[in-house]
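Asker:
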Amino acid sequence: MKNFFNENKILIIAACMPIIVIVFLMCSTLLPSYWVANPKYNLIFEKGFTDSRNGLTFNIVNSRLKIEYHTSSDNNNYKPTLPQLYIFDAATLTTREIIIPIPAVPTPPKNVVTTIEIKVPELESLNIVSTPQAPDGYQFNSAPNYTFLFNLFSKKISISKHGKYILLLPDLKELDYYNIKFIGWILSEKKS
Amino acid sequence: MNQTPINKSIWQKFFILLGSIFIFSGISIYIYNEWQVMNTATHIAITFGTGMCLLLVALLTHNDPRCEPILSPLLILGTLFETIGLFVITNAIFYHGQDSHVVALVIFAALIGQQFCIFAKIKLSLLIFIMSILGSLFLIILLDFFRFTPYYIAIIIGISWITWAYYLSRTKYDVLVSMWYFVGAITLLAGVYAALYRSAFEWTFLIFCIAMIFLSLFLKSRALLFNSVSATILYLIYFTHQYFKLAVGWPLLLVLLGFVLWAVCIMGLKMDFLKRKIH
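Sequences listed follow chains A and B, in order.
Per my numbering, the very first residue in the first sequence carries number 7; after that it's consecutive.
Per my numbering, the very first residue in the second sequence carries number 1376; after that it's consecutive.
1) Taking the alpha carbon of Asp-1655 (chain B) as the reference point, which residue from B:Ile-1503, B:Gly-1633, B:Leu-1609 has its own alpha carbon closest?
2) Please list, in chain order, all residues of the same chain as Gln-1490 (chain B) whose beta carbon is under 8 Å from its beta carbon, the five residues on each side excluded.
3) For Leu-1571 (chain B), name the three-state secondary structure that DSSP assigns.
4) Any Cβ of chain B within less than 7 Å of the Cβ of Tyr-171 (chain A)?
5) Identify every run of the beta strand (DSSP E) within the stretch 1420-1463 of chain B, keeping only runs that are complete inside it and at least 3 residues long; order them along the chain.
6) Who pairs with Ile-134 (chain A) in a beta bridge, going by DSSP?
7) In terms of DSSP beta bridges, what is Thr-120 (chain A) paired with?
8) For the beta strand (DSSP E) holding Asp-1519 (chain B), just list the boundary residues, first then last.
9) Would you say Gly-1394 (chain B) faces chain A, with C-beta separation under 7 Å as the test?
10) Is the shortest distance between the beta-carbon of Lys-167 (chain A) and the beta-carbons of chain B less than 7 Å?
11) Buried or exposed for Phe-1423 (chain B), going by 16 or more other Cβ atoms inside 10 Å?
12) Please list the segments of the alpha helix (DSSP H) lying wholly inside the stretch 1570-1629 of chain B, counting only runs of 4 or more residues, in order along the chain.
13) Using 8 Å as the cut-off, can you tell me whether the stretch 17-37 of chain A makes contact with the stretch 87-102 of chain A, which would need three or more C-beta pairs spanning the two stretches below that distance?
14) I'd like to know whether the C-beta atoms of Glu-1409 (chain B) and Leu-1430 (chain B) end up nearer to each other than 7 Å.
15) By the DSSP assignment, the alpha helix (DSSP H) with Gln-90 (chain A) in it spans what residues?
16) Would you grab the beta carbon distance between Thr-1607 (chain B) and Ile-1588 (chain B) for me? Rounded to a whole angstrom, and I think it's under 8 Å.
17) Could you name the residues of the same chain whose beta carbon sits closer than 7 Å to that of Leu-2 (chain A), not counting the 5 residues immediately before and after it, in chain order?
18) Using the DSSP secondary-structure output, state which residues sit across from Gln-139 (chain A) in a beta bridge.
19) Who are the neighbours of Glu-1443 (chain B) on chain A, taking C-beta pairs under 9 Å?
20) Determine the chain B residues that contact Val-27 (chain A) at a beta-carbon separation under 7 Å, and present them in chain order.
21) How far does the alpha helix (DSSP H) with Phe-11 (chain A) in it extend, from its first residue to its last?
22) What residues of chain B sit near Pro-38 (chain A), judged by a beta carbon separation below 8 Å?
23) Taking Cβ-Cβ distances shorter than 9 Å, what residues in chain B pair up with Thr-35 (chain A)?
24) In terms of alpha-carbon separation, which member of A:Phe-10, A:Ile-25, A:Phe-55 lies closest to Tyr-184 (chain A)?
25) For His-1418 (chain B), I'd like the list of residues in its chain whose CB is within less than 6 Å of its CB, leaving aside the five on either flank, ordered along the chain.
26) From Val-1567 (chain B) to Ile-1534 (chain B), what does the alpha carbon distance come to, in whole angstroms?
27) Is Ile-19 (chain A) close to chain B, meaning its C-beta is less than 7 Å from at least one C-beta of that chain?
28) Taking the straight line between their C-alpha atoms, what separation do you get for Ser-1500 (chain B) and Thr-1546 (chain B)?
29) Cutting at 8 Å between CB atoms, please list the residues of its own chain near Ile-134 (chain A), excluding the five before and the five after it.
30) Counting only beta-carbon atoms, is Met-1465 (chain B) nearer than 7 Å to chain A?
31) So the candidates are B:Asp-1439, B:Ala-1485, B:Phe-1469; which of them puts its Cα closest to the Cα of Ile-26 (chain A)?
32) Taking Cβ positions only, does Cys-1492 (chain B) come closer than 7 Å to chain A?
33) Secondary structure at Gly-1643 (chain B), three-state DSSP: helix, strand or coil?
34) Exposed or buried, which one is Gln-1473 (chain B) when buried takes at least 16 other CB atoms within 10 Å?
35) Under 7 Å between the Cβ atoms of Asn-1466 (chain B) and Phe-159 (chain A)?
36) If you run the structure through DSSP and keep just helix, strand and coil, what is Asn-1377 (chain B)?
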């Protein structure tokens, strides 16, 4: 047995090489979660297709989220799929959807777009910045530029800092991945 | 009826090749059909597990003369499934949106290291081939990581394959040298053409093809010569079609140029002959 190991040392190293890779990947994924602190700031993002003529748009104006509903008579039969708004809660590391109440708007005349601002009480008092990096160093990982390697791995939306990754929507469908849009980091609740 | 050793060897190779194809197809079809109903553990077991088992069998039986004929298929299939398995494991457990290049580079670096270790013990040309493939993939990913455009990647890969083939031709592992020259030349020519396409210097592709013909003669490679000559002729056809569609002077000029080159060659040979006579 000892002879076998001595004679085939190099082959044993070869056979162990994939295990070494797995251990390396495991360490590179798990270890940062021990020494990198959890995020402090909540994150707000949208999933879906925004349309400035028929649908919802989300914009940051004066550190406040402005939600606008647009409707036009472009195509009366066209019922757009409205984008969904999500909040990532840093305290519980979970993501939840915020339901936006859509008002009933009469169809506007031809070539006119009616825009109505929607107020969501939960979001009114939030101070939001649209910089990709939060003050605590976490950054939102959006869809990367297409390369031939792009399809090798599953599409995952996460925030990360120094090798620590936190998934935002673990059950994200591949098609939705391309329609995820970062809105901003919630710094605090506004006093006034 | 007496069978010659050559016939035996051909039949042996034929059955082993056929057997390998069936085993590969069987496993692949099973994975494809059942993938959706398998859980993560089964995904890993069916890809990585299969690869590791095949590779371990190859490593444990490499000394046994009875298993020698199946050593190559075991190594190829083992490496293939192991590579797929490593990507499956990474994707299922460790991947959370990191740069896929870095992950892929780590995997390929380890696989190259593994093949190198096996080669240190089992001297097979096949392992050089597997290492070359893995090395090429590593280089392509590395260049893509640095955001090289595809045609620059093709040029660099083409040059590396030709250089690699030249190096291999000077060793005893020169079985697949022609193949590397062939694919290297195609990749290099395609890359250069793509880089020059519709630019002010597109015509320099012809000069490049001519330089490649010279290189093929220098390297004594028929595969390289075939590709270079084909590229030259195809480019001349394209060039004529683009700029001299109905011109009579252009084909005449080409023919004249051809005769001049022949004359220069014959004169050179004559001078060489005279020189040798004087000495």
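Using N, Cα and C, we set each Cβ at its ideal position, and we do this for glycine too.
Answerer: To lay it out plainly:
1) The structure shown has nothing for residue 1655 (chain B), since chain B only spans 1376 to 1654.
2) Residue 1490 (chain B) sits at position 115 when you count from the first residue of the second sequence. Hits under 8 Å: Thr-1454, Leu-1502, Ile-1505, Met-1506, Leu-1509.
3) As a first step, residue 1571 (chain B) is located in the second sequence; it is residue number 196 there, counting from the start. DSSP places Leu-1571 (chain B) in helix when its eight states are reduced to three.
4) Against the first sequence, residue 171 (chain A) aligns to sequence position 165. Chain B, which has a Cβ nearer than 7 Å to the Cβ of Tyr-171 (chain A), makes this yes.
5) none
6) Counted from its first residue, the first sequence places residue 134 (chain A) at position 128. According to DSSP, Ile-134 (chain A) bridges with A:Ile-192.
7) Walking along the first sequence from the start, residue 120 (chain A) turns up at place 114. DSSP, once it has assigned bridges, lists A:Thr-77 as partnering Thr-120 (chain A).
8) The residue labelled residue 1519 (chain B) in the question sits at position 144 within the second sequence. Taken as a continuous stretch (DSSP letters only), Asp-1519 (chain B) belongs to no beta strand (DSSP E), being part of the alpha helix (DSSP H) at 1500-1520.
9) Here residue 1394 (chain B) refers to the residue found at position 19 when the second sequence is read from its first residue. False, the Cβ-Cβ gap to chain A never drops below 7 Å.
10) Position 161 of the first sequence, counted from the first residue, corresponds to residue 167 (chain A). False, the Cβ-Cβ gap to chain B never drops below 7 Å.
11) The sequence position of residue 1423 (chain B) within the second sequence is 48, counting from 1. Buried, because 16 or more other Cβ atoms sit within 10 Å of the Cβ of Phe-1423 (chain B).
12) 1579-1594, 1597-1618
13) no
14) One-based indexing of the second sequence puts residue 1409 (chain B) at position 34. One-based indexing of the second sequence puts residue 1430 (chain B) at position 55. No, they are not a contact pair.
15) For the purposes of this step, residue 90 (chain A) is taken as residue 84 along the first sequence, with counting starting at 1. Note, Gln-90 (chain A): premise wrong, no alpha helix (DSSP H); beta strand (DSSP E) at 90-95.
16) Start at 1 with the first residue of the second sequence, and residue 1607 (chain B) comes out as number 232. Start at 1 with the first residue of the second sequence, and residue 1588 (chain B) comes out as number 213. The pair is a contact, with the Cβ atoms about 7 Å apart (cut-off 8 Å).
17) Given that chain A is displayed from residue 7 to residue 198, the structure contains no residue 2 (chain A) and the question cannot be resolved.
18) Residue mapping note: residue 139 (chain A) aligns to position 133 of the first sequence, counting from 1. A:Gln-145, per the DSSP bridge assignment.
19) Within the second sequence, residue 1443 (chain B) is the residue found at index 68, counting from 1. The premise fails here: Glu-1443 (chain B) is roughly 16 Å from chain A at the closest Cβ pair, so nothing lies under 9 Å.
20) As a position in the first sequence, residue 27 (chain A) is number 21, starting the count at 1. Those within 7 Å of Val-27 (chain A) in chain B are Leu-1461, Val-1481, Ile-1482, Ala-1485.
21) On the first sequence, residue 11 (chain A) is found 5 positions in, with the first residue counted as 1. It spans 8-13 - the alpha helix (DSSP H) in which Phe-11 (chain A) sits, taken as one unbroken run.
22) Position 32 of the first sequence holds residue 38 (chain A). Residues of chain B passing the Cβ test: none, with the nearest at roughly 11 Å.
23) The sequence position of residue 35 (chain A) within the first sequence is 29, counting from 1. Correct list: Ile-1468, Phe-1469, Tyr-1470, His-1471, Gln-1473.
24) As a working mapping, residue 184 (chain A) is identified with position 178 in the first sequence. Nearest option by C-alpha distance: A:Phe-55.
25) Numbered from its first residue, the second sequence carries residue 1418 (chain B) at position 43. The answer, listed in chain order, is Val-1463.
26) On the second sequence, position 192 is the one that residue 1567 (chain B) refers to. On the second sequence, position 159 is the one that residue 1534 (chain B) refers to. The straight-line gap from Cα to Cα measures roughly 11 Å.
27) For this step, residue 19 (chain A) is matched to residue 13 along the first sequence. Yes - at least one Cβ of chain B is within 7 Å of the one on Ile-19 (chain A).
28) Walking along the second sequence from the start, residue 1500 (chain B) turns up at place 125. Walking along the second sequence from the start, residue 1546 (chain B) turns up at place 171. Using only the alpha carbons, I get a separation of about 11 Å.
29) Position 128 of the first sequence, counting from 1, holds the residue named residue 134 (chain A). For Ile-134 (chain A), where only same-chain residues beyond five positions count, the Cβ hits under 8 Å are Ile-50, Ile-66, Ser-69, Arg-70, Leu-71, Ile-189, Gly-190, Trp-191, Ile-192, Leu-193.
30) Locating residue 1465 (chain B) in the second sequence gives position 90, where the first residue counts as 1. A small fix is needed here, since residue 1465 (chain B) is Thr in this sequence, not Met. Judged by the 7 Å Cβ criterion, Thr-1465 (chain B) is in contact with chain A.
31) Here residue 26 (chain A) refers to the residue found at position 20 of the first sequence. Comparing Cα positions, the closest option is B:Ala-1485.
32) Along the second sequence, read from residue 1 onward, the residue named residue 1492 (chain B) stands at position 117. Chain A, which has a Cβ nearer than 7 Å to the Cβ of Cys-1492 (chain B), makes this yes.
33) Locating residue 1643 (chain B) in the second sequence gives position 268, where the first residue counts as 1. In the structure shown, Gly-1643 (chain B) sits in a helix (DSSP, three-state: H, G or I).
34) Here residue 1473 (chain B) refers to the residue found at position 98 of the second sequence. It is buried - the Cβ of Gln-1473 (chain B) has at least 16 other Cβ atoms within 10 Å.
35) As a first step, residue 1466 (chain B) must be located in the second sequence, where it is residue number 91. As a first step, residue 159 (chain A) must be located in the first sequence, where it is residue number 153. In this structure, Phe-159 (chain A) lies closer than 7 Å to Asn-1466 (chain B) by Cβ.
36) In the second sequence, the residue the question calls residue 1377 (chain B) occupies position 2. Low per-residue confidence applies at Asn-1377 (chain B): pLDDT is 49, beneath 50, and the placement is therefore not dependable, though the value from the model is reported in the following sentence. DSSP places Asn-1377 (chain B) in coil when its eight states are reduced to three.
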